[in-house]
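Taking it in order: structure first as structure tokens, then the write-up.
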Amino acid sequence: MRRLSDAAYRIEGQKMFQILARAQELEREGKEIIHFEIGDPDFDTPSNIVDACSDALKNGKTHYTASSGMREFKEIAAEVTEKSRKFKPDLNQILVTPGANVQIFYAIACVANPGEEIIIPDPSFVSYNSIIRFLGCKPVKVPLKEENEFRMSPKDVEKAITDKTRMIIINSPHNPSGAVMSEEELAEIYEIAKKHDVYLLSDEIYARMIYEDSETKFFSPSIFDKCKERVLVVNGFSKSYAMTGWRIGTVMGPENLIEKMGLLLETTTSCVSPFLQLACIEALRGSQEPIAEMMKEFRRRRDFIVEKLNSLPKVHCVEPKGAFYVLLNIKNLGLSSEEFTDLMLEKAGVATCPGVYFGESGEGYVRFCYANSMENIEKGIERIRRIMDQKWESH
Ligand SMILES: Cc1ncc(COP(=O)(O)O)c(C=O)c1O
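Here the sequence shown stands for residues 9 to 403, where the numbers follow this note's numbering.
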């Protein structure tokens, strides 16, 4: 076989898709699988959004459009930012992209040279590590601790800074733990980024998915510089609007960086389909009631799955404050996270994701995505309980 580029051998992809593939293979063999492995809401995209898309298609909105995004879409995105984040970005600080994932790629490609360092949480969304390594940069991992409910510690971030650091990536609410950082912690991390003059990429894809209480509130560090100096906000419609398959998002940041990221998009992708952008205008302008309903349901499921998981023997979990993930601590079982995941998929028909996929500090944990019905959550965990009882009854 002919050799590929060095970079090609560094691509890792998103291994949870391999678990999904195996689960689907088992389903084809006739097994009933309960899915907790992929972060995909089980709700349909709200119908007003689907209708707006279909109207746009019927009305001929099927051609190239401005590569950085339609003006009307950026205007409404800026207005929504003013409501949610208390500042109104200029339109040339906004770029419309096919999903949020690629925003991370564009941003790092435009900010860091090979050999330079990007600080990321560990565990974290798998693409951070994969993109950084693909681009020949170095991921510097800040371990998240269960004692700190998996919130990234500003002190640990500061310790990780070197003269090669170009960017700090934060993600609140966090995948895979559901942790939500406090305003004070985020402010401290912003100050660290400012002091060391590095970019701060705030991945806010789960911004609307917070289980608010007296201590848990959404906060974006973008408020400090209005995305004019160093903060980049990664965002998209996948999770909060149940639109993972649509592939659309918006990223906001300093104008000169957004311009270069836009040229990269223009070079590789040309533009995002106009019918998708028109659908997203409706998503932002139309009723937000379906989103509130989904969040109500996710909160019920969060409470239920946490109670259920904590009732299993020898394992436990911290209550997540956002997103739709929970990390189960399996350190007392004497199995690696991949062994646990394989066992439960093959023997219990329950698909989950090993924590180690998200980084070394994720070992000893298994991620459950509770974008599944209460009935399936109950059934899935009872199946896990049965396997655990058989395997560890003599212990
Ligand atoms: C933290 C985080 N950022 C970004 C993404 C990518 O989202 P999108 O589907 O919009 O590309 C995901 C998807 O799982 C995620 O968990």
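Think of the CB as a built atom: it goes at the ideal place given N, C-alpha and C, for glycine as much as any other residue. Quick caveat: nothing in here was measured; it's all calculated off a predicted structure.
By DSSP, does residue i sit in helix, in strand, or in coil?
{"i": "N109", "result": "helix"}
{"i": "F44", "result": "coil"}
{"i": "E342", "result": "Going by the sequence as given, residue 342 is Gly instead of Glu. It is coil, neither helix nor strand."}
{"i": "M251", "result": "coil"}
{"i": "A201", "result": "helix"}
{"i": "M175", "result": "strand"}
{"i": "Y114", "result": "helix"}
{"i": "L99", "result": "helix"}
{"i": "Y373", "result": "strand"}
{"i": "A356", "result": "helix"}
{"i": "N56", "result": "helix"}
{"i": "C279", "result": "coil"}
{"i": "K236", "result": "coil"}
{"i": "V241", "result": "strand"}
{"i": "G363", "result": "helix"}
{"i": "I395", "result": "helix"}
{"i": "I389", "result": "helix"}
{"i": "I218", "result": "strand"}
Identify the continuous beta strand (DSSP E) that holds residue i and give its terminal residues.
{"i": "L335", "result": "333-337"}
{"i": "F232", "result": "No beta strand (DSSP E) contains F232, which is instead part of the alpha helix (DSSP H) from 230-233."}
{"i": "L208", "result": "207-211"}
{"i": "D404", "result": "Coverage of the chain is limited to positions 9 through 403, which leaves residue 404 absent and any answer about it impossible."}
{"i": "V165", "result": "Run containing V165: none in the beta strand (DSSP E); it sits in the alpha helix (DSSP H), 162-168."}
{"i": "C150", "result": "The sequence given here has Val at residue 150, not Cys. It spans 146-151 - the beta strand (DSSP E) in which V150 sits, taken as one unbroken run."}
Using CA atoms only, rank isn't needed, just tell me which of the options is closest to residue i.
{"i": "R375", "options": "S132, G38, K149, D164", "result": "S132"}
{"i": "L65", "options": "L284, E220, K96, K146", "result": "L284"}
{"i": "E386", "options": "I127, R308, L240", "result": "R308"}
{"i": "S281", "options": "V364, M303, L208, F81", "result": "F81"}
{"i": "D52", "options": "F245, F366, Q398", "result": "F245"}
{"i": "Y135", "options": "G367, N384, M78, Y198", "result": "Here the sequence assigns Ser to residue 135, which means Tyr is not the residue at that position. Answer by Cα proximity: G367."}
{"i": "K96", "options": "E315, E83, V58, G107", "result": "E83"}
{"i": "K153", "options": "S185, I266, M382, E220", "result": "S185"}
{"i": "L292", "options": "I57, F348, G123", "result": "I57"}
{"i": "W400", "options": "M189, L353, I27, L341", "result": "L341"}
{"i": "A16", "options": "H182, Q111, L143", "result": "L143"}
{"i": "Y214", "options": "Y198, K234, S180, T224", "result": "S180"}
{"i": "S138", "options": "K234, G21, A115", "result": "G21"}
{"i": "S429", "options": "S369, R36, Y219, I197", "result": "Residue 429 lies beyond the residue range present for the chain, which begins at 9 and ends at 403; the question has no answer from this structure."}
{"i": "K247", "options": "E155, M78, F332, Q111", "result": "F332"}
{"i": "L209", "options": "N264, N100, N337, S228", "result": "S228"}
{"i": "E45", "options": "Q398, L353, E390", "result": "L353"}
{"i": "D311", "options": "V323, S319, E327, E297", "result": "E327"}
{"i": "T349", "options": "L28, M9, R10", "result": "L28"}
{"i": "K322", "options": "E223, D397, G294, E305", "result": "D397"}
On the premise that residue j lies in contact with residue i, defined as a C-beta separation below 8 Å, what is that separation, rounded to the nearest angstrom?
{"i": "H204", "j": "I177", "result": "Not a contact, Cβ separation roughly 14 Å."}
{"i": "S75", "j": "E274", "result": "4 Å"}
{"i": "E212", "j": "R159", "result": "That pair is no contact at about 15 Å."}
{"i": "R174", "j": "K202", "result": "14 Å between Cβ atoms; not a contact."}
{"i": "G372", "j": "G363", "result": "7 Å"}
{"i": "K355", "j": "I395", "result": "5 Å"}
{"i": "K4", "j": "I218", "result": "Examination of residue 4 is not possible in this model, given that the chain is present from 9 through 403 alone."}
{"i": "P49", "j": "A379", "result": "5 Å"}
Between which two residues does the alpha helix (DSSP H) containing residue i stretch?
{"i": "G257", "result": "It is not in any alpha helix (DSSP H) - G257 instead sits in the beta strand (DSSP E) that spans 257-260."}
{"i": "C288", "result": "282-293"}
{"i": "V188", "result": "Careful: V188 lies outside any alpha helix (DSSP H) and carries neither H nor E."}
{"i": "S135", "result": "134-142"}
{"i": "E327", "result": "First-last for E327: undefined, no H or E at that position."}
{"i": "N318", "result": "297-318"}
{"i": "S92", "result": "79-93"}
{"i": "R36", "result": "24-36"}
{"i": "D14", "result": "14-18"}
Short of 6 Å in beta carbon distance, which residues of its chain neighbour residue i, apart from the five on each side in sequence? Order them along the chain.
{"i": "A187", "result": "E157, F158, R159"}
{"i": "G47", "result": "C377"}
{"i": "S230", "result": "R93, V239, V241"}
{"i": "G270", "result": "S76, L103"}
{"i": "T89", "result": "P97"}
{"i": "Y249", "result": "A291"}
{"i": "N109", "result": "S135"}
For chain C, check one thing: does any of its Cβ atoms lie closer than 8 Å to the Cβ of residue i?
{"i": "S222", "result": "Any reference to chain C falls outside this structure, which holds one protein chain only."}
Can you list, in chain order, the residues of its chain whose CB lies under 8 Å from that of residue i, leaving out five sequence neighbours each side?
{"i": "S278", "result": "Y72, S75"}
{"i": "C145", "result": "I116, A120, N121, P122, G123, E124, E125, I126, R174"}
Excluding the five sequence neighbours on either side, which residues of its own chain have a C-beta within less than 7 Å of the C-beta of residue i, listed in chain order?
{"i": "K236", "result": "P262"}
{"i": "F226", "result": "A215, I218"}
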